[in-house]
Structures are given as C-alpha cells and as structure tokens.
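K.L.:
Before I ask anything, here is the structure I am working with.
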Amino acid sequence: MTIEVKDLYKIYSLEGVEIHAVNGISINIEDGEFVSIMGQSGSGKSTLMHIIGCLDKPTRGSTKIDGQETTELSENELADFRLDKIGFIFQTFNLIPRASALKNVELPLIYAGVNRVERRERAVKMLESVGLGDRLGSRPTQLSGGQQQRVAIARALINDPKIIFADEPTGNLDSKSGAEIMAILDSLHKKGKTVILVTHEAEVAEHANRLIRLLDGKVIEDGPIKANNTGGKRKNELV
Ligand SMILES: Nc1ncnc2c1ncn2[C@@H]1O[C@H](COP(=O)(O)OP(=O)(O)OP(=O)(O)O)[C@@H](O)[C@H]1O
Ligand SMILES: [Mg+2]
37 MTIEVKDLYK
47 IYSLEGVEIH
57 AVNGISINIE
67 DGEFVSIMGQ
77 SGSGKSTLMH
87 IIGCLDKPTR
97 GSTKIDGQET
107 TELSENELAD
117 FRLDKIGFIF
127 QTFNLIPRAS
137 ALKNVELPLI
147 YAGVNRVERR
157 ERAVKMLESV
167 GLGDRLGSRP
177 TQLSGGQQQR
187 VAIARALIND
197 PKIIFADEPT
207 GNLDSKSGAE
217 IMAILDSLHK
227 KGKTVILVTH
237 EAEVAEHANR
247 LIRLLDGKVI
257 EDGPIKANNT
267 GGKRKNELV
C-alpha cells in the first residue's frame, strides 16, 4: 500500500487572509513503514494527515494510495476507500458518547454491510485483543482515557485496514496508558501495517523508523530516526 504525495497544497481562506496549511509537500511512504510526523503547532501535520487519509481534499496536488489517485474520488468513493483501507486514531478518541464500546467498534461494520452476527463476533474479538473483553457494554464516559483510546483503536482496526493514521494518540493520556497505546501501534507495525503517527513527544516519535518534520506547511527534515533528531534520547543510548 504505497503512498505517493506530490506537490500538495492546502490553502484556507479566512476573512480574506490565505493560510497555507500545506505548502508544497512531496513524500513517498512505502508499504509497512512506521513514520512519525513532528513539527510545531500549526505546521500542517493534521491537515496533511487528513488529506492523505482521505478525510479532506487538497487545494491542489496529488495523493495516490496503491496507485489510486484519491483526489479524484467523489465523496462516496472516498468514504468507501477509507472504510476499506484506512484506520484513524485521534487525540480526543472521537467515540460516540451514548454508544457502548461494542457498538462503537461495530459501527464501521454496519457501514460495510456486515451482518449482525458476524459484526458482533468480530467486534468482541477486536475489543478482547486490546484488553477490553470485560468492558463491552461500557459507554465512553464509564471508561478511562486509555481505555477509550483502546476502543478507538479497535474501531480503527475492525475492517483490517492496511494504513493506520494516529494524530497525537497519546496526547491526552498519562504515560502508562500512552505506553500501552504505543505497544499496540508497535505490534501493528510488526504485523506489516503502515503506521503514520503525529506526535509532539520525542519518546513517542522514536517508536517509528522514519521522522518527517514540518514547518509552515513544508517538509524541513525527512530521514531515519536518530535519538538526536527527535529532540529526545532513546533508552539505553548515551549520546
Ligand atoms: N478549517 C480550517 N480553516 C482555516 N484554517 C485552518 C483550518 N484547519 C487548519 N487551519 C490552519 O492551518 C494551519 C495548519 O493547521 P493544522 O491543524 O494542520 O496544524 P497542526 O500541525 O496539526 O497543529 P497542532 O500541533 O496544533 O495540532 C494552522 O494555521 C491552522 O490554523
Ligand atoms: Mg494537529
């Protein structure tokens, strides 16, 4: 599932002022890569992820996933494409508050037209795999932040997407819950998924193999992760 981004721009117009949120980005991401995106607030990280992840359209430029030019797809086609190939995890979990963990995870399968029995079975298995087999009936408000994020991950994975986008998935979590979430992302990467992670935290970024740094909507750095280019130190490393 190769991702090819070429000459990508997203320009917002706010009260006559143009904001160049993405300002000419070209990157390729290979199948199975684990990439961290860093950069100061407002540098365009979320905007870029939303465009690559088919949640938003660019002003101009091209994004291809597995050779498919996604900027040319209609809203309906984009929704189907997303359902099939892409899982999203957000900082604020974005769960449906009145629905149980089980219902939240089942939802994408309802859109995918999976029958009730299979839906339930798959959602239960997925929640068990993130350690929430005993909380199927709990609503988001009855769960801790870390548990809510695990429900969100189960929901993101229920259609077995090839690409996982995580936009500051540990941003609202304590360090223990954050570590649990990162362990799940590590295992997804080991299983061959492509993982694209936005984070402000060096230790979180260092789970990836590659770091892309943005500034003012442009890539200012792109290469393998080293302890000294995330702004943090890797464990067991002295430099
Ligand atoms: N819907 C919108 N309308 C107008 N401007 C927007 C919109 N969405 C984002 N922007 C602007 O685009 C720029 C990039 O925003 P973006 O959310 O991509 O940044 P970010 O790197 O994800 O920041 P953060 O680390 O704070 O999440 C910012 O200047 C932001 O104000
Ligand atoms: Mg953001």
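Quick note, the sequence shown lines up with residues 37 to 275 if you use this note's numbering. Cβ atoms here follow ideal geometry from the backbone N, Cα and C, with glycine treated the same way. For clarity, every value in this text was computed on a predicted model and none was experimentally measured.
Could you tell me whether any non-hydrogen atom of ligand 1 is closer than 7 Å to the CB of SER72?
P.N.:
As a working note, residue 72 is residue 36 in the sequence shown. Every heavy atom of ligand 1 is 7 Å or more from the Cβ of SER72, so no.
K.L.:
Could you name the residues whose beta carbon sits closer than 6 Å to any heavy atom belonging to ligand 1, keeping them in chain order?
P.N.:
TYR48, LEU50, ILE55, ALA57, GLY75, SER77, GLY78, SER79, GLY80, LYS81, SER82, THR83
K.L.:
At the level of alpha carbons, what is the spacing between ILE256 and ILE73?
P.N.:
Here residue 256 is taken as the residue at index 220 of the sequence shown, counted from 1. Here residue 73 is taken as the residue at index 37 of the sequence shown, counted from 1. Spanning the two alpha carbons is a distance of roughly 11 Å.
K.L.:
May I have a chain-ordered list of the beta strand (DSSP E) segments no shorter than 3 residues that lie completely inside the stretch 43-70?
P.N.:
53-65
K.L.:
Determine the DSSP secondary structure at ARG246, reduced to helix, strand or coil.
P.N.:
Residue mapping note: residue 246 aligns to position 210 of the sequence shown, counting from 1. Note: ARG246 maps to strand in three-state DSSP.
K.L.:
For a test of your reading of the model: does the CB of ASP116 fall under 7 Å from any non-hydrogen atom of ligand 2? Yes or no.
P.N.:
Position 80 of the sequence shown holds residue 116. No; taking the cut-off as 7 Å, the Cβ of ASP116 has no heavy atom of ligand 2 nearer than that.
K.L.:
Could you give the residue range of the beta strand (DSSP E) that holds PRO205?
P.N.:
Counted from its first residue, the sequence shown places residue 205 at position 169. That residue, PRO205, is in no beta strand (DSSP E); it is neither H nor E in DSSP.
K.L.:
Identify whether ARG155 lies in helix, strand or coil by the three-state DSSP scheme.
P.N.:
As a first step, residue 155 must be located in the sequence shown, where it is residue number 119. In this structure, ARG155 counts as helix in the three-state DSSP scheme.
K.L.:
Closer than 8 Å is the cut-off here; do at least three beta carbon pairs connect the stretch 66-84 with the stretch 232-242?
P.N.:
yes
K.L.:
Roughly how many whole angstroms lie between the Cα atoms of LYS81 and GLY253?
P.N.:
Walking along the sequence shown from the start, residue 81 turns up at place 45. Walking along the sequence shown from the start, residue 253 turns up at place 217. Looking at the two C-alpha atoms, the distance is approximately 8 Å.
K.L.:
Could you give the C-beta distance for ALA159 and ILE194, rounded to a whole number, given that I count them as a contact under 8 Å?
P.N.:
On the sequence shown, position 123 is the one that residue 159 refers to. On the sequence shown, position 158 is the one that residue 194 refers to. Indeed they touch by this definition, with Cβ atoms about 6 Å apart.
K.L.:
May I ask you to report which of helix, strand or coil DSSP gives ARG120?
P.N.:
Working through the sequence shown from its first residue, we reach residue 120 at position 84. Residue identity differs from the one stated: residue 120 is Asp in this sequence, not Arg. ASP120 falls in the helix class under three-state DSSP.
K.L.:
GLY259 by DSSP, collapsed to three states: which one?
P.N.:
Counting from 1 along the sequence shown, the entry for residue 259 is found at position 223. DSSP places GLY259 in strand when its eight states are reduced to three.
K.L.:
Does the Cβ of LEU224 have 16 or more other Cβ atoms within 10 Å, making it buried, or fewer, making it exposed?
P.N.:
What you label residue 224 is simply residue 188 of the sequence shown in a count that begins at 1. Result: buried.
K.L.:
Once you ignore the five residues that flank LYS229 on each side, which residues in its own chain have a CB closer than 8 Å to its CB?
P.N.:
If you number the sequence shown from 1, residue 229 lands on position 193. Only GLY68, PRO197, LYS198, ILE199, ILE200 meet the Cβ criterion.
K.L.:
Rounding to the nearest angstrom, what Cα-Cα distance links GLY259 and ASN151 in this structure?
P.N.:
Here residue 259 is taken as the residue at index 223 of the sequence shown, counted from 1. Here residue 151 is taken as the residue at index 115 of the sequence shown, counted from 1. Between the alpha carbons of GLY259 and ASN151 lies a distance of about 44 Å.
K.L.:
Can you tell me whether TYR48 is buried or exposed, with buried defined as 16 or more other CB within 10 angstroms of its CB?
P.N.:
On the sequence shown, residue 48 is found 12 positions in, with the first residue counted as 1. When all chains shown are included, TYR48 counts as exposed.
K.L.:
With DSSP as the reference, label LEU91 as helix, strand or coil.
P.N.:
One-based indexing of the sequence shown puts residue 91 at position 55. Looking at LEU91 - three-state DSSP - the assignment turns out to be coil, as it is neither helix nor strand.
K.L.:
Have a look at THR266, MET218, LEU250 and flag the residue whose alpha-carbon is nearest the alpha-carbon of SER77.
P.N.:
Locating residue 77 in the sequence shown gives position 41, counting from the first residue. Per the Cα distances, LEU250.
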